[in-house]
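As structure tokens, the structure follows; a few thoughts come after it.
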Amino acid sequence: MFKNKKIILFAFGSGDLKKSANRLRLQSIESKYYDEIKILNPENFDENMKKKFTYITSNRNKRGYGYWFWKPLFLQKIMNDIDEGDIIHYVDIGCHIQNKNSRFNEYLELLDKPNMWILPFQYHLNQIKYSDNILFQKREEFKYTKADLFDHFGFLNNKDITHTPQFWAGSFFLVKNLESENFLNEWIKIFEEKPNLIDDSNSKIKNFYGFIENRHDQSVFSLLCKKYQLKSLSAFECEWGEKNNKRTWEHNFNNPILAKRDLKYGIFKRFINRQIRTFKRYKKKYFEF
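Going letter by letter, the sequence shown gives residues 1 to 289 in this note's numbering.
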């Protein structure tokens, strides 16, 4: 508990990620941060979510188990079952939780301030301590959000939105109140009414030069954060940096969340993934010129 408020961890993993789910659960228990730990899977889908999953994946890629459509929906369901002021901490299943109480408590203290109903992370370097020989990727919004989505929000010609760092949807904190409920409703509405803005289909409007790929739920989350002009911490508190051409986490030693993307699949899934990689390697070698 934090000042009589429950702290709930929420993560989601498909059925073939049980090893990652068990690892995250153990780390979360050992951290002693949380009053409740909810690591959900597709068996927790209600009938409505099952229908949405079938629709989203019927003609589209299955990345993120349906482009992460389940994330705001599960957050909404959890929020309906908790008290006003309780805090949900969402983390991707591949993240690691470190027992670094001091920084975690600082997150909670920030959330206790007036008008703080969400604590997101953004890919800027503000207020992060690191040595000069560590490099960080630049992740501006225009590289990872399709033009149609910018246009939907009315942001297409706003460089304060398009050319500023994207927010990270891999970990964030939500306080239950009217503002956070409205935020989730807006997030869900785009999945329900405009799924083409979230998927990997081509943008009808020409993307910005330098566009890499749409980041699905994260792209919507990021634009909502910018719409609400939210304050943020640096995502590089959790993300890797580059040192001597290798990934490093040394700047994150005292931080509680690491975006390791540590996905441990079962034997069958690992076999399938190896076959896919082998096929792509041979295809590139013998059939692509």
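Glycine included, C-beta positions come from ideal geometry on N, C-alpha and C. All values derive from a computational prediction rather than experimental measurement.
If distances are taken between C-alpha atoms only, which option among Ser234, Leu9 and Gly15 comes closest to leucine 26?
For the purposes of this step, residue 26 is identified with residue 26 of the sequence shown, where counting begins at 1. Ranking the options by Cα distance to leucine 26, first place goes to Leu9.
Pairwise C-alpha distance: asparagine 196 and tyrosine 130
Translated into the one-based positions of the sequence shown, residue 130 becomes position 130. Translated into the one-based positions of the sequence shown, residue 196 becomes position 196. If you draw a straight line from the Cα of tyrosine 130 to the Cα of asparagine 196, it comes to about 39 angstroms.
Any beta strand (DSSP E) of 3 or more consecutive residues that is wholly inside the region 165 to 221:
Counting whole runs of 3 or more residues, the region 165 to 221 contains the beta strand (DSSP E) stretches 167 to 175.
Aspartate 151: CB within 6 angstroms of a non-hydrogen atom of the ligand SAM:
Looking for the ligand SAM in the displayed structure turns up nothing, as the structure carries no ligands at all.
Out of curiosity, what's the CA-to-CA distance linking lysine 18 and leucine 263?
If you number the sequence shown from 1, residue 18 lands on position 18. If you number the sequence shown from 1, residue 263 lands on position 263. About 9 angstroms.
CB lysine 3 to CB isoleucine 82, shorter than 7 angstroms?
Taking the sequence shown and counting its residues from 1, one reaches residue 3 at position 3. Taking the sequence shown and counting its residues from 1, one reaches residue 82 at position 82. Taking 7 angstroms as the Cβ cut-off, lysine 3 and isoleucine 82 do not qualify as a contacting pair.
Would you check if the distance between the CB atom of valine 91 and the CB atom of serine 171 is smaller than 7 angstroms?
Here residue 91 refers to the residue found at position 91 of the sequence shown. Here residue 171 refers to the residue found at position 171 of the sequence shown. The answer is yes: Cβ separation under 7 angstroms.
So, with DSSP's three-state summary, where would you put threonine 145?
By 1-based counting over the sequence shown, the position of residue 145 is 145. Three-state DSSP puts threonine 145 in coil, outside helix and strand.
Find out if the Cβ-Cβ distance for the pair serine 31, isoleucine 93 is shorter than 7 angstroms.
Along the sequence shown, one-based indexing puts residue 31 at 31. Along the sequence shown, one-based indexing puts residue 93 at 93. Judged by beta-carbon spacing, isoleucine 93 lies beyond the 7 angstroms limit of serine 31, meaning their Cβ atoms are not closer than that value.
Opposing strand residues paired with phenylalanine 12 [DSSP bridges]
Reading the sequence shown from its first residue, position 12 is the one you call residue 12. Paired residues: Leu40.
In its own chain, which residues sit with a C-beta less than 6 angstroms from the C-beta of lysine 284, not counting the 5 before and 5 after it?
Taking the first residue of the sequence shown as position 1, residue 284 is located at position 284. Its pLDDT being 49, under 50, lysine 284 is placed unreliably in this model, and the value from its coordinates should be taken loosely. Contacts found: none.
Sequence-distant residues of its chain with Cβ nearer than 7 angstroms to isoleucine 39 (five each side left out):
On the sequence shown, position 39 is the one that residue 39 refers to. Excluding positions up to five away in sequence, the list reads Ala11, Gly13, Ala21, Leu24 and Arg25.
Through-space distance from isoleucine 205 to glutamate 36, alpha-carbon basis
Position 36 of the sequence shown, counted from the start, is the residue given in the question as residue 36. Position 205 of the sequence shown, counted from the start, is the residue given in the question as residue 205. Those two C-alpha atoms are separated by around 44 angstroms.
With a cut-off of 8 angstroms, do at least 3 Cβ pairs link the region 139 to 150 to the region 199 to 217?
Below 8 angstroms, enough C-beta pairs join the region 139 to 150 and the region 199 to 217 to call them touching: three or more.
What does DSSP give as the partner residues of phenylalanine 253 in its beta bridges?
As a working mapping, residue 253 is identified with position 253 in the sequence shown. Partner(s): none; phenylalanine 253 has no beta bridge.
Anyone know if the C-beta pair for isoleucine 7 and isoleucine 87 falls short of 7 angstroms?
Numbered from 1 along the sequence shown, position 7 holds the residue referred to as residue 7. Numbered from 1 along the sequence shown, position 87 holds the residue referred to as residue 87. Cβ distance < 7 angstroms, so isoleucine 7 and isoleucine 87 count as in contact.
Closer than 8 angstroms is the cut-off here; do at least three beta carbon pairs connect the region 94 to 111 with the region 152 to 165?
no
Are three or more beta carbon pairs between the region 224 to 236 and the region 121 to 129 nearer than 8 angstroms?
yes
Report, in whole angstroms, the separation of the C-beta atoms of serine 222 and glutamine 166, which I expect to be a contact under 8 angstroms.
For the purposes of this step, residue 222 is taken as residue 222 along the sequence shown, with counting starting at 1. For the purposes of this step, residue 166 is taken as residue 166 along the sequence shown, with counting starting at 1. With 8 angstroms as the limit, serine 222 and glutamine 166 qualify as a contact, their Cβ atoms being about 5 angstroms apart.
Cα separation between serine 201 and glutamine 218?
Translated into positions along the sequence shown, residue 201 becomes position 201. Translated into positions along the sequence shown, residue 218 becomes position 218. Their backbone Cα atoms lie some 16 angstroms apart in a straight line.
For proline 72, report the span of its alpha helix (DSSP H) as first-last.
As a position in the sequence shown, residue 72 is number 72, starting the count at 1. Counting along the chain, the alpha helix (DSSP H) containing proline 72 begins and ends at 70 to 80.
Does DSSP classify isoleucine 118 as helix, strand or coil?
For the purposes of this step, residue 118 is identified with residue 118 of the sequence shown, where counting begins at 1. Correct three-state label for isoleucine 118: strand.
Of all the options Pro114, His89, Arg139 and Asn101, which has the alpha carbon lying nearest to the alpha carbon of proline 120?
Here residue 120 refers to the residue found at position 120 of the sequence shown. Of the candidates Pro114, His89, Arg139 and Asn101, the one whose C-alpha sits nearest the C-alpha of proline 120 is His89.
Lysine 159 - DSSP class collapsed to helix/strand/coil:
Here residue 159 is taken as the residue at index 159 of the sequence shown, counted from 1. In the three-state scheme derived from DSSP, where H, G and I count as helix and E and B as strand, lysine 159 is classed as helix.
Through-space distance from isoleucine 188 to glycine 15, alpha-carbon basis:
Stepping through the sequence shown from its first residue, residue 15 is reached at position 15. Stepping through the sequence shown from its first residue, residue 188 is reached at position 188. Approximately 24 angstroms, taken between the alpha carbons.
Are the beta-carbon atoms belonging to lysine 243 and isoleucine 78 less than 7 angstroms from one another?
Here residue 243 refers to the residue found at position 243 of the sequence shown. Here residue 78 refers to the residue found at position 78 of the sequence shown. For lysine 243 and isoleucine 78, no; Cβs fall outside 7 angstroms.
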